[in-house]
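Numbering (UniProt numbering), first residue to last: 1 to 88.
All C-beta atoms in this analysis are idealised placements derived from N, C-alpha and C, irrespective of residue type, glycine included.
First up is the structure itself, then whatever we jot down about it.
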(Lines of atoms letter the chains of each structure in order from A; the text may use other names.)
(Lines give C-alpha, C1' and ligand atoms only; values in the text may rest on other atoms or scores of the structure.)
Protein backbone atom coordinates (compact mmCIF):
# COMPACT_ATOMS: atom_id res chain seq x y z
CA UNK A 1 0.00 0.00 0.00
CA UNK A 2 1.45 3.40 -0.94
CA UNK A 3 2.69 5.55 1.94
CA UNK A 4 0.19 8.30 1.05
CA UNK A 5 -2.70 5.90 1.62
CA UNK A 6 -1.25 4.63 4.91
CA UNK A 7 -0.83 8.19 6.16
CA UNK A 8 -4.35 9.23 5.14
CA UNK A 9 -5.85 6.17 6.84
CA UNK A 10 -3.80 6.81 9.97
CA UNK A 11 -4.96 10.44 10.23
CA UNK A 12 -8.56 9.26 9.76
CA UNK A 13 -8.22 6.72 12.58
CA UNK A 14 -6.16 8.76 15.01
CA UNK A 15 -7.33 12.35 14.44
CA UNK A 16 -10.53 12.74 12.45
CA UNK A 17 -12.65 9.82 13.69
CA UNK A 18 -12.15 10.62 17.42
CA UNK A 19 -13.15 14.26 16.80
CA UNK A 20 -16.24 13.19 14.85
CA UNK A 21 -17.16 10.66 17.57
CA UNK A 22 -16.82 13.40 20.21
CA UNK A 23 -19.80 15.08 18.52
CA UNK A 24 -21.62 11.71 18.37
CA UNK A 25 -20.99 11.39 14.67
CA UNK A 26 -19.65 8.51 12.64
CA UNK A 27 -16.90 8.60 10.03
CA UNK A 28 -16.97 6.12 7.17
CA UNK A 29 -14.25 5.42 4.63
CA UNK A 30 -15.86 5.09 1.21
CA UNK A 31 -12.73 4.90 -0.96
CA UNK A 32 -9.05 5.75 -0.83
CA UNK A 33 -6.48 6.15 -3.58
CA UNK A 34 -3.02 7.75 -3.47
CA UNK A 35 -4.46 11.04 -4.72
CA UNK A 36 -8.00 11.00 -3.29
CA UNK A 37 -9.93 9.98 -0.20
CA UNK A 38 -13.71 9.77 0.00
CA UNK A 39 -15.33 9.90 3.43
CA UNK A 40 -18.92 9.93 4.68
CA UNK A 41 -20.23 11.59 7.84
CA UNK A 42 -23.20 9.92 9.52
CA UNK A 43 -24.73 9.66 12.99
CA UNK A 44 -25.32 13.10 14.50
CA UNK A 45 -23.33 14.60 11.59
CA UNK A 46 -26.01 13.54 9.09
CA UNK A 47 -27.77 16.70 8.01
CA UNK A 48 -25.98 18.83 10.59
CA UNK A 49 -25.25 22.39 9.45
CA UNK A 50 -21.80 22.02 11.03
CA UNK A 51 -20.81 19.15 8.71
CA UNK A 52 -19.42 21.65 6.18
CA UNK A 53 -17.38 23.34 8.91
CA UNK A 54 -16.07 19.94 10.01
CA UNK A 55 -15.07 19.18 6.42
CA UNK A 56 -13.35 22.52 5.74
CA UNK A 57 -11.95 23.13 9.22
CA UNK A 58 -10.96 19.64 10.39
CA UNK A 59 -11.05 16.91 7.75
CA UNK A 60 -9.41 18.69 4.81
CA UNK A 61 -6.58 20.26 6.87
CA UNK A 62 -5.85 16.95 8.61
CA UNK A 63 -5.67 14.99 5.34
CA UNK A 64 -3.67 17.72 3.59
CA UNK A 65 -1.14 17.70 6.45
CA UNK A 66 -0.10 14.19 5.38
CA UNK A 67 -1.12 14.26 1.70
CA UNK A 68 -1.00 17.90 0.49
CA UNK A 69 -2.18 17.23 -3.05
CA UNK A 70 -4.92 14.71 -2.22
CA UNK A 71 -8.49 15.48 -3.20
CA UNK A 72 -10.83 15.16 -0.22
CA UNK A 73 -14.45 14.24 -0.92
CA UNK A 74 -16.87 14.24 2.02
CA UNK A 75 -20.55 13.37 1.87
CA UNK A 76 -23.02 13.24 4.73
CA UNK A 77 -26.42 11.75 5.44
CA UNK A 78 -28.19 8.93 7.16
CA UNK A 79 -27.71 6.55 4.23
CA UNK A 80 -24.25 4.95 4.34
CA UNK A 81 -22.70 4.47 0.88
CA UNK A 82 -22.46 0.85 -0.23
CA UNK A 83 -19.09 -0.67 0.60
CA UNK A 84 -18.17 2.04 3.13
CA UNK A 85 -16.50 0.96 6.37
CA UNK A 86 -16.73 2.62 9.76
CA UNK A 87 -13.44 4.24 10.79
CA UNK A 88 -12.69 3.24 14.39
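*asked:* For a quick check, are the C-beta atoms of residue 19 and residue 58 less than 9 Å apart?
replied: Position 19 of the chain shown, counted from the start, is the residue given in the question as residue 19. Position 58 of the chain shown, counted from the start, is the residue given in the question as residue 58. Taking 9 Å as the Cβ cut-off, residue 19 and residue 58 qualify as a contacting pair.
_In this structure, how does DSSP classify residue 79 when only helix, strand and coil are distinguished?_
Within the chain shown, numbered from 1, the residue matching residue 79 stands at position 79. Residue state, collapsed to three classes: coil.
*When we look at the beta-carbon of residue 86 and count the other beta-carbons within 10 Å, is it buried (16 or more) or exposed?*
Counted from its first residue, the chain shown places residue 86 at position 86. With fewer than 16 other Cβ atoms within 10 Å, it is exposed.
*For chain B, find out if any of its Cβ atoms is closer than 9 Å to the Cβ of residue 50; answer yes or no.*
In the structure shown, chain B cannot be found, because there is only a single protein chain.
*Hey, how far is the Cα of residue 55 from the Cα of residue 9?*
The residue labelled residue 55 in the question sits at position 55 within the chain shown. The residue labelled residue 9 in the question sits at position 9 within the chain shown. Using only the alpha carbons, I get a separation of about 16 Å.
*Are there 16 or more other CB atoms within 10 angstroms of the CB of residue 65, so buried, or fewer, so exposed?*
For this step, residue 65 is matched to residue 65 along the chain shown. Exposed is the call here.
*Would you mind giving the Cβ-Cβ distance between residue 84 and residue 16, rounded to the nearest angstrom? I have them listed as a contact below 8 Å.*
Translated into positions along the chain shown, residue 84 becomes position 84. Translated into positions along the chain shown, residue 16 becomes position 16. 15 Å between Cβ atoms; not a contact.
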